[in-house]
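Participant: Residue numbers (the numbering used here), protein chains in the order written: chain A, 131 to 472; chain B, 131 to 472; chain C, 131 to 472; chain D, 131 to 472.
Think of the CB as a built atom: it goes at the ideal place given N, C-alpha and C, for glycine as much as any other residue.
It should be emphasised that the depicted structure is a prediction, and the values quoted were computed from it without experimental measurement.
Got a structure for you, questions after.
Protein chains: 4
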Amino acid sequence: MKIGILTSGGDCPGLNAVIRAIVLKGTSVYSQQFVGFRDGWRGLVEGDVIPLDRHRVRGLAKQGGTILGTSRFGPYEGPSGGPENIQKTLDRLGVDAVIAIGGEGTQAASKRLADAGIKIIGVPKTIDNDLGATDYTFGFDTAVEIATEAIDRLRTTGDSHKRCMVLEVMGRHVGWIALHSGMAGGAHAILIPEQPVSIDQIVTWVESVRDRGRAPLLVVAEGFTLDTMDEAYSTKGLDGFNRPRLGGIAEILAPMIEQRTGIESRATVLGHIQRGGVPTAYDRVLATRLGLAAIDTVLAERWGNMVALRGTEVQVVGLDEALGELKTVPQHRYDEAAILFG
Amino acid sequence: MKIGILTSGGDCPGLNAVIRAIVLKGTSVYSQQFVGFRDGWRGLVEGDVIPLDRHRVRGLAKQGGTILGTSRFGPYEGPSGGPENIQKTLDRLGVDAVIAIGGEGTQAASKRLADAGIKIIGVPKTIDNDLGATDYTFGFDTAVEIATEAIDRLRTTGDSHKRCMVLEVMGRHVGWIALHSGMAGGAHAILIPEQPVSIDQIVTWVESVRDRGRAPLLVVAEGFTLDTMDEAYSTKGLDGFNRPRLGGIAEILAPMIEQRTGIESRATVLGHIQRGGVPTAYDRVLATRLGLAAIDTVLAERWGNMVALRGTEVQVVGLDEALGELKTVPQHRYDEAAILFG
Amino acid sequence: MKIGILTSGGDCPGLNAVIRAIVLKGTSVYSQQFVGFRDGWRGLVEGDVIPLDRHRVRGLAKQGGTILGTSRFGPYEGPSGGPENIQKTLDRLGVDAVIAIGGEGTQAASKRLADAGIKIIGVPKTIDNDLGATDYTFGFDTAVEIATEAIDRLRTTGDSHKRCMVLEVMGRHVGWIALHSGMAGGAHAILIPEQPVSIDQIVTWVESVRDRGRAPLLVVAEGFTLDTMDEAYSTKGLDGFNRPRLGGIAEILAPMIEQRTGIESRATVLGHIQRGGVPTAYDRVLATRLGLAAIDTVLAERWGNMVALRGTEVQVVGLDEALGELKTVPQHRYDEAAILFG
Amino acid sequence: MKIGILTSGGDCPGLNAVIRAIVLKGTSVYSQQFVGFRDGWRGLVEGDVIPLDRHRVRGLAKQGGTILGTSRFGPYEGPSGGPENIQKTLDRLGVDAVIAIGGEGTQAASKRLADAGIKIIGVPKTIDNDLGATDYTFGFDTAVEIATEAIDRLRTTGDSHKRCMVLEVMGRHVGWIALHSGMAGGAHAILIPEQPVSIDQIVTWVESVRDRGRAPLLVVAEGFTLDTMDEAYSTKGLDGFNRPRLGGIAEILAPMIEQRTGIESRATVLGHIQRGGVPTAYDRVLATRLGLAAIDTVLAERWGNMVALRGTEVQVVGLDEALGELKTVPQHRYDEAAILFG
């Protein structure tokens with residue numbers, strides 16, 4: 131049996147650890163052969179593969195990124211896309227089954243392909259922790275750790291200058307990274323897409339912190355929006371035309387807070403460093419366990435399924451379970467954290 | 131209501147984060163007062179307390195250790211020990227309830243005291259992850275991360291010198307730290323108390339790695355023993371009298387491996403650095419959530435219970451659930467990891 | 131003798147270590163008393179002090195920021211500024227001498243005050259390493275380490291996506307942080323204020339890297355400017371009016387590179403996390419040694435001087451030596467690094 | 131011109147960065163060819179080489195260890211050793227010159243070979259910082275950083291348990307790592323081979339710290355010895371026969387301190403993790419600069435010389451300068467640190 135592996139979507143610490151675990155167990159226990167599709171679905175659609183063996187995956191448990199490359203290319207793109215063409219390509223390459231490592235979009239595509247007969251199983255991947263059917267995914271813990279270290283650093287500068295520091299972290303649609311790093315770092319407010327908060331409320335928190343003699347520190351997910359964004363833009367002296375040129379939400383909030391409270395405020399946008407580099411031990415263990423379970427799932431021919439973490443165990447769940455609703459921060463988790471605000 | 135907090139047993143990253151969360155929520159939401167008992171049960175038995183307020187717990191989310199001090203003193207020790215004396219001390223201090231943060235021994239004592247009428251609830255704490263009724267406890271993730279970073283460092287030296295490196299990590303009775311750090315670090319064998327392994331098997335793994343041109347790296351929990359310890363001792367040239375003076379198991383294994391395989395071997399005993407210092411973000415979040423739930427549990431007057439992590443949620447469980455059997459590494463988790471040995 | 135300490139200018143890892151060393155040696159060896167001026171020169175001008183003793187500086191060797199607070203307030207500002215008023219304030223407070231920890235502006239002010247008779251000595255502080263008369267200053271090594279870790283993380287994401295990553299680090303007038311972190315991280319180009327480089331040259335380097343099959347990674351100091359900034363602005367679709375609203379130079383360069391080369395490009399602006407948090411061991415040692423030498427210099431009554439690192443030794447130099455020209459990256463250091471570009 | 135590179139002696143973070151810099155500059159600027167000798171002098175003596183080109187050194191700036199392997203084999207060992215045989219081997223391989231990266235022993239051997247006509251230059255390498263003629267060597271900063279992080283972690287556990295923590299770091303003959311990490315970590319005493327200190331003095335320091343209400347923390351270099359080692363052994367209940375089986379000096383000191391002071395004391399031996407893994411940015415920059423200078427020195431045909439750091443500049447010095455006396459910690463550096471003891 132020859133199995134193809136692909137990594138799709140944004141970079142994520144732990145991708146290489148999944149690949150390594152699949153190949154090590156697949157070769158030593160099941161005597162299978164492996165290829166990697168280059169740059170995600172593009173490699174599958176175009177039949178662009180590299181051989182994968184034990185030697186090739188050596189040392190990958192701790193290596194960030196993906197040796198296979200990744201892209202946002204979809205399996206239905208281009209003249210060679212779609213299940214029929216893909217099956218022909220697989221036949222031509224002698225590849226019997228596919229393991230697709232990726233986020234919500236990837237798993238939705240995998241589901242469609244599985245329904246059309248492609249022998250495919252999924253491994254969930256998302257920095258943002260927004261995928262249902264799995265308690266956590268690898269990459270999230272690393273992103274939270276990096277954001278928390280940034281908070282630790284910003285705090286000393288905020289305290290020394292009595293400034294309000296606003297840190298923007300990843301999370302376009304969900305606020306998990308902000309929630310966990312903000313709680314770990316002792317942030318005075320955590321602003322997430324799931325929870326609309328007015329600038330008045332933010333100002334109240336900030337002033338409450340200042341009145342206790344401390345320097346306010348806020349964590350904001352990139353997808354958070356104020357209910358009064360017009361005011362946000364006008365504070366920056368921008369009309370509608372210029373809006374796309376604005377930086378992130380932190381760069382909108384900091385001057386608003388400064389204007390309203392008189393507290394010198396500074397924005398930091400953490401950006402891509404959250405999704406690269408050496409994974410935490412937690413993410414390496416999770417990624418390795420998911421990889422080991424993925425190859426078992428292939429051998430069990432449970433196509434159309436995905437491996438997932440539930441409590442302390444790795445299980446096999448239907449791809450459809452993972453799809454549909456994004457896993458947002460539930461109200462009780464936000465309320466739990468909000469007790470420490472202000 | 132006035133509540134007393136104590137931390138008992140070995141140091142553990144996250145203790146301060148629990149204390150901080152209890153006090154912040156207890157004062158701001160419930161308007162309670164707090165004291166800390168110094169040095170674990172000793173402070174409770176002897177009525178040795180320090181006041182705790184919002185100001186005192188500032189900045190503790192990231193601070194390792196415990197500001198209350200800890201010891202291995204038990205609540206039944208000394209002339210002032212035992213539930214009757216303790217209740218008198220609590221009455222004298224005006225303390226209405228106790229939150230005891232500690233491991234298996236501490237929670238067993240809490241159970242006895244609760245059965246005797248003391249208003250007490252527990253927060254689980256163990257570096258070793260050996261406590262039932264909770265998926266994980268704070269401190270474990272930090273210990274695993276530190277051990278994993280040590281493996282990453284040892285690996286380059288092993289490779290450069292073609293040496294066999296043996297790293298000893300914590301785990302007197304259970305092998306969780308070894309299992310997770312070994313998997314994260316890509317160890318070639320993981321030796322834990324739960325799984326007897328012969329020196330012949332270890333030598334087979336080591337030689338298999340060497341034959342592939344690599345430098346073997348082994349992780350061993352301190353509580354692992356060879357089934358043939360006599361040979362171990364005789365390799366070190368020691369008779370029974372001298373055995374207690376031996377270092378850890380790593381220092382026994384390394385010379386045995388070198389003698390049997392001819393591969394230069396080196397032992398490293400990681401020791402106390404695994405249980406001190408800044409907690410990982412994961413442990414800070416878990417410790418904070420347990421602290422927040424602990425104060426709710428006090429307010430709900432659910433004496434004799436303990437807060438615990440189940441999946442992604444913090445729940446309240448009976449103290450008796452946490453006791454009894456140590457949570458050892460189950461067979462399927464060992465087998466899962468063992469596929470990557472050799 | 132009573133001595134006052136102040137920290138002035140931007141936050142910098144190691145400030146607290148200097149304060150600690152001064153107070154520990156000053157109290158234990160010389161039996162002196164200490165106060166700290168709050169928020170830099172403001173505390174001196176306004177006579178706003180806090181007492182400093184051994185207990186107060188406990189644990190500060192590793193703590194980022196400054197417990198005294200800092201600001202950009204100058205000693206000639208306000209109705210109480212200037213040497214005569216300051217001397218009166220010192221007399222009123224019973225303070226005999228001042229140690230001013232700060233950068234070029236602070237040391238220039240210290241020089242003026244010393245010339246006017248104030249008993250003052252300086253400790254150099256600059257993240258940017260732009261101060262003459264001292265080989266290095268504390269804070270620089272920490273900033274370089276943080277920037278290097280960011281490069282390590284960005285590299286995996288760049289490689290996985292075949293993107294060009296552009297990292298902007300601190301350095302408004304000098305490129306030391308960019309030079310050292312770029313060399314440590316293996317950057318394919320380092321762009322610094324001291325060295326004008328055309329966009330054509332940058333494109334040549336980027337394409338050369340791409341043609342070798344690798345993902346280009348550039349480090350740019352915030353003060354770097356293109357000789358053709360008009361093109362930069364027009365690429366962002368901005369006319370002169372909107373220029374101040376642009377983000378940093380990385381956000382100008384990334385779209386220009388993408389437009390010219392067709393390589394997807396991403397900017398990251400590291401910002402304030404470079405100047406906060408736990409100092410590296412190097413910076414702690416340097417800051418401690420400078421503090422120890424500073425109190426000796428006070429006792430020797432060598433007013434108007436500054437402590438400085440020369441080779442492996444801490445020496446006393448005239449404040450005038452430290453002033454005048456910024457210490458820029460010399461041509462031979464740039465050429466040395468540039469060999470590895472492209 | 132074809133140039134051979136070797137790395138000799140103990141592992142050291144930065145070795146790979148030197149190799150990378152040599153090969154990158156040598157191929158791109160000077161169009162030279164390179165081979166690496168495997169396992170230090172053994173590869174040279176036995177003619178065991180691997181080709182080195184730009185592709186082979188990719189990503190090595192941050193990678194610990196040495197891709198060439200290292201050993202303690204000497205160039206005069208075996209039937210093929212000695213300058214005449216070595217010259218024949220070089221001729222056979224077509225290698226024109228040798229760059230030897232190593233410590234005192236390596237450079238002494240290089241000097242002998244250079245004097246006998248071998249075209250060889252040296253790059254200094256020592257974790258211990260014990261080599262004269264250079265201010266610092268790569269690897270030392272990384273070792274100090276790792277030891278300092280260990281101190282930070284041990285401190286919280288010491289404080290929580292009111293224990294005396296004794297950390298043993300590398301330094302068989304010189305105490306530089308202990309001196310710098312102890313100063314950075316705020317140790318209460320630093321014990322180094324250069325400075326005999328009695329157990330009475332140590333006890334005085336420890337009790338002084340305890341009397342101030344703090345937990346004592348000591349850093350000891352592995353080569354430190356008590357002037358009364360007989361007492362040390364007898365405390366452990368050992369006679370002369372068993373002495374070699376003792377662990378390190380920390381494991382001798384801790385029980386002595388406990389016996390004398392009644393303070394519970396714990397030893398930690400840091401061991402091999404000090405010399406492996408990712409180098410600090412400081413060490414990467416230094417290693418890279420030394421590598422770049424080394425290839426220039428070869429091109430200048432300055433055989434028998436070594437590259438060295440002097441202040442902020444890399445210079446070429448005679449190999450004989452680097453030899454002779456070990457660079458020990460001078461009295462004034464010890465006195466400077468000792469002010470903070472107790």
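Return the chain-ordered list of same chain residues with a C-beta closer than 8 Å to the C-beta of Ala-314(D), the five sequence neighbours on each side being excluded.
Facilitator: So the list reads Val-274, Thr-278, Ile-281, once near-sequence residues are dropped.
Participant: Could you spell out where the beta strand (DSSP E) holding Ala-430(A) opens and where it closes?
Facilitator: Taken as a continuous stretch (DSSP letters only), Ala-430(A) belongs to no beta strand (DSSP E), as it is neither H nor E.
Participant: Check for me: the alpha helix (DSSP H) holding Leu-481(A) runs from which residue to which?
Facilitator: Given a span of 131 to 472 for chain A in the structure shown, any question on residue 481(A) remains unanswerable.
Participant: CA-CA distance, Asn-259(B) and Leu-439(D)?
Facilitator: The alpha-carbon atoms of Asn-259(B) and Leu-439(D) are separated by roughly 48 Å.
Participant: How about Gly-370(C): is its C-beta nearer than 8 Å to some C-beta of chain A?
Facilitator: Because the pLDDT of Gly-370(C) is 48, which lies under 50, any placement of that residue in the model is unreliable, and the question is left without a value.
Participant: Roughly how many angstroms separate the alpha carbons of Ala-151(C) and Val-415(D), rounded to a whole number?
Facilitator: Approximately 29 Å between the Cα atoms of the pair.
Participant: Shorter than 7 Å, the distance from the beta carbon of Thr-200(B) to the closest heavy atom of the ligand HEM, or not?
Facilitator: Absence of the ligand HEM from the depicted structure is noted, as is the absence of any ligand whatsoever, leaving it without description.
Participant: Kindly list, in the order they appear in chain C, the residues whose Cβ is closer than 7 Å to that of Lys-292(A).
Facilitator: Correct list: Gly-199.
Participant: Return no unless some Cβ of chain D is closer than 8 Å to the Cβ of Ala-238(C).
Facilitator: Taking Cβ atoms only, chain D never reaches closer than 8 Å to Ala-238(C), which makes this a no.
Participant: Count the other CB atoms within 10 Å of the CB of Val-159(C); is the residue buried (16 or more) or exposed (fewer)?
Facilitator: By the 10 Å Cβ count, Val-159(C) comes out exposed.
Participant: Considering only DSSP beta bridges, list what Ile-250(D) is partnered with.
Facilitator: Per DSSP, Val-228(D).
Participant: So is Gln-461(C) buried or exposed if we call it buried at 16+ other beta carbons inside 10 Å?
Facilitator: So Gln-461(C) ends up on the exposed side.
Participant: Please report whether the beta-carbon of Asp-341(A) lies at a distance below 8 Å from any beta-carbon of chain B.
Facilitator: Judged by the 8 Å Cβ criterion, Asp-341(A) is not in contact with chain B.
Participant: Below 7 Å between beta carbons is the criterion; list the residues of the stretch 454-470 of chain B that meet it against any residue of chain A, in chain order.
Facilitator: The residues in question are Glu-466, Ile-469, Leu-470.
Participant: Tell me which residue opens and which closes the alpha helix (DSSP H) that Gln-237(B) is part of.
Facilitator: Residues 234-245.
Participant: Could you check whether the stretch 445-463 of chain B touches the stretch 303-323 of chain B, counting it as contact only if at least three pairs of C-beta atoms, one from each stretch, sit closer than 8 Å?
Facilitator: The answer is yes - the stretch 303-323 of chain B touches the stretch 445-463 of chain B, with three or more Cβ pairs under 8 Å.
Participant: Does the CB of Thr-287(B) have a neighbour CB from chain D at under 8 Å?
Facilitator: Yes, its Cβ sits closer than 8 Å to a Cβ of chain D.
Participant: DSSP state of Gly-257(B), grouped into three classes?
Facilitator: According to the sequence shown, residue 257(B) is Ile rather than Gly. Coil.
Participant: Kindly indicate if chain C contains any beta-carbon less than 8 Å away from that of Leu-261(D).
Facilitator: Chain C contact via Cβ: absent.
Participant: With Ala-219(A) as the anchor, note down where its alpha helix (DSSP H) starts and where it stops.
Facilitator: What sits at residue 219(A) in the sequence shown is Thr, not Ala. It spans 213-223 - the alpha helix (DSSP H) in which Thr-219(A) sits, taken as one unbroken run.
Participant: Does DSSP put Thr-264(A) in a helix, a strand or coil?
Facilitator: Correct three-state label for Thr-264(A): coil.
Participant: Is there at least one Cβ from chain F nearer than 8 Å to Asp-271(C)'s Cβ?
Facilitator: In the structure shown, chain F cannot be found, because the protein chains are A, B, C and D.
Participant: If you check the beta carbons only, do Ala-227(B) and Ile-250(B) fall under 8 Å apart?
Facilitator: The answer is yes: Cβ separation under 8 Å.
Participant: Report back the beta-carbon spacing between Val-428(A) and Val-253(A) to the nearest angstrom; my notes put them in contact at under 8 Å.
Facilitator: The Cβ separation is near 11 Å, so there is no contact.
Participant: Looking only at its chain, what residues have a beta carbon closer than 8 Å to the beta carbon of Gly-189(C), apart from the 5 residues adjacent to it on each side?
Facilitator: Nothing meets the Cβ criterion.
Participant: Can you tell me whether Ala-467(B) is buried or exposed, with buried defined as 16 or more other CB within 10 angstroms of its CB?
Facilitator: By the neighbour-count rule (16 or more Cβ atoms within 10 Å), Ala-467(B) is buried.
Participant: Closest by CA to Pro-326(B), which one among Gly-448(B), Thr-355(B), Glu-298(B), Glu-394(B)?
Facilitator: Ranking Gly-448(B), Thr-355(B), Glu-298(B), Glu-394(B) by Cα distance to Pro-326(B) puts Thr-355(B) first.
Participant: Please list the terminal residues of the continuous alpha helix (DSSP H) segment that includes Phe-270(D).
Facilitator: Segment 270-291, the alpha helix (DSSP H) holding Phe-270(D).
Participant: Which residues, in chain order, does the stretch 142-163 of chain C contribute to contact with chain D at a C-beta distance below 9 Å?
Facilitator: The residues in question are Ala-147, Arg-150, Ala-151, Leu-154, Lys-155, Ser-158, Val-159.
Participant: To which residues does DSSP link Gly-448(D) through a beta bridge?
Facilitator: DSSP, once it has assigned bridges, lists Asn-435(D) as partnering Gly-448(D).
Participant: Taking the continuous beta strand (DSSP E) assigned at Gly-549(C), which residues delimit it?
Facilitator: With chain C running from 131 to 472 in the structure shown, residue 549(C) is simply not present.
Participant: Would you mind sorting Phe-371(C) into buried or exposed? The rule is 16 or more other CB atoms within 10 Å of its CB.
Facilitator: Bear in mind that a pLDDT of 46 at Phe-371(C), under 50, signals an unreliable position, so the model cannot answer this.
Participant: Let me see if you follow: with CB-CB separation under 8 Å, is His-310(B) close to chain A or not?
Facilitator: Yes, His-310(B) lies at the interface with chain A (some Cβ there is under 8 Å from its Cβ).
Participant: Between Gly-199(A) and Gly-406(A), is the Cβ-Cβ spacing less than 8 Å?
Facilitator: Contact flag unset, no.
Participant: Would you call the stretch 327-334 of chain B and the stretch 137-144 of chain C touching, i.e. three or more CB-CB distances under 8 Å?
Facilitator: Flag = no, the stretch 327-334 of chain B and the stretch 137-144 of chain C do not touch.
Participant: Taking 8 Å as the threshold (C-beta atoms), are Gly-441(A) and His-102(A) in contact?
Facilitator: Beyond the ends of chain A as shown, which are 131 and 472, falls residue 102(A); an answer cannot be given.
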